[in-house]
Amino acid sequence: MSISQYIKEIGRGPRGARPLARDQATDLMGQVLDGAVTDLEIGAFCLAMRIKGETPDEMAGFLDAAQARMHLFPASQKPVVVLPSYNGARRLPVLTPLLALLVAQRGLPVLIHGSASEDARVTVAQVLAALDRAPLPAVRQIDCGEAAYAPLELVSPGLKRLLDARRVIGLRNSGHSMVKLMNPCDGPAVIVSSYTHREYAESMSAVFQLRESTALLLRGTEGEAVADARRLPQMDGFIRGRHVALEQGQKGTLTELPDLPRDIDAATTAAYIRDVLQERRPVPASMAQQVEHILHLADAA
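Here my numbering is used: the first residue of the sequence shown is 756, the next is one more, and so on.
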């Protein structure tokens, strides 16, 4: 098989490119994830989409293909809170594990899925290892009150290969957006997702509506789906695709800033997380608010 007919449509530049229908996007991504196309075609696809940008219908089709091929986690007694983690720490400590553990403390099952995209960053997997929490060896049901981490290759080997193309091409591709929007569970879930630039919020919102997802969307911390501890961001919710306003947010930094560690290495971040969980340090206010919004969405899912 070949995806050349699709590349002809999407590869004509920002003005000449034509969007694909959802079913066409599903077929294209299915071939990519199945490994049915050449490396040259994958490179052409990645570059063409990088220049054109995905429409909501195209992204929904990509996710349809991925969902059909995933090793899905069985449904739990309560909706699973899904935390994608693909950016890690650059200047600030990566607090995705803290968010996961705070939500789990409130009785919900939490699944972090991720993969390292840049070797220079501190990853969630490294912080979890410093907390003596090993990654899952296989797909299984996530228990209520449990926070578990699944490497992307466990969930979708094809999607992992697509993300790894960045190391050769040097640019992000559609897969990096897919992992922030997908539901790897065979049952109700609350997808917690983030954007770095405001224009992405509209397209991500449209995808959640098209796929009737229950989700929380906010401007994250260095690409992680965690509210920046230094400010209160706007947070938007989706309940089976219906938009609900959760948090208007505040401009600028908070008047009272949390005592975050200056070093971002895994051991220091893990020590800070232990202190917060054992109430030796307060939960950052914006993160505490995010936890409450997640609980609200889980009740409505």
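Even glycine gets a Cβ: it sits at the ideal position worked out from N, Cα and C. Quick caveat, the model's predicted, so the values are computed rather than measured.
With distance defined between alpha-carbon atoms, name the residue in G978, V1046, L802 nearest to P848. G978
> Taking just the CA atoms, how far does S968 sit from S759?
Replying inline: 31 angstroms
Exercise for the section: Answer yes or no: the CB of E954 versus the heavy atoms of the ligand SAH, is any distance below 7 angstroms? Expected result: Absence of the ligand SAH is noted for the structure shown, with no ligands found whatsoever.
So A1021 and V865 are supposed to be a Cβ contact under 8 angstroms. How far apart are they, rounded?
The Cβ separation is near 19 angstroms, so there is no contact.
Discussion item. On a Cα-Cα basis, can you pick out the residue from K807, R985, R953 that is closest to S972?
Written reply: With the sequence shown as reference, residue 972 is identified as Leu, and Ser is not the correct amino acid for it. It is R953 whose Cα lies nearest to the Cα of L972.
query: Are L907 and K915 touching if we call contact CB-CB under 8 angstroms?
result: yes
With 16 as the cutoff for other CB atoms within 10 Å, does S757 come out buried or exposed? exposed
For the region 934-946 against the region 807-825, do three or more pairs of beta-carbon atoms, one drawn from each stretch, fall closer than 8 angstroms, so that the two count as touching?
yes
Check: Mapping DSSP to helix, strand and coil, what is E957?
Finding: helix
*asked:* Which residue wins for smallest C-alpha separation from D919, given the options T793, S831, S870?
replied: S870
> Starting from M825 and walking both ways along the beta strand (DSSP E), at which residues does that stretch end?
Replying inline: Where M825 is concerned, there is no enclosing beta strand (DSSP E), given that its DSSP letter is neither H nor E.
Checklist line | Stretch-stretch touch, CB-based, cutoff 8 angstroms, three pairs: the region 980-996 with the region 806-820 | finding: no
What residue ranges within the region 883-922 form continuous beta strand (DSSP E) runs of no fewer than 3 residues, ordered along the chain?
-> 902-906
(Q) What does the Cβ neighbour count give for Q1045, buried or exposed, with the cut at 16 atoms within 10 Å? (A) buried
| With 16 other CB atoms within 10 Å as the buried threshold, where does D782 fall? | buried
**Q.** Between the CA atoms of T1024 and R1017 - distance to the nearest angstrom
**A.** 9 angstroms
Q.
Considering just the uninterrupted stretch of the beta strand (DSSP E) at Y950, what are its terminal residues?
A. 944-950
**Report entry** Alpha-carbon spacing of I867 relative to L854, whole angstroms
**Finding:** 10 angstroms
Exposed or buried, which one is K935 when buried takes at least 16 other CB atoms within 10 Å? buried
Next item on the list: Pull up the distance between the alpha-carbon of L1032 and that of P1013, whole angstroms please.
Entry: 15 angstroms
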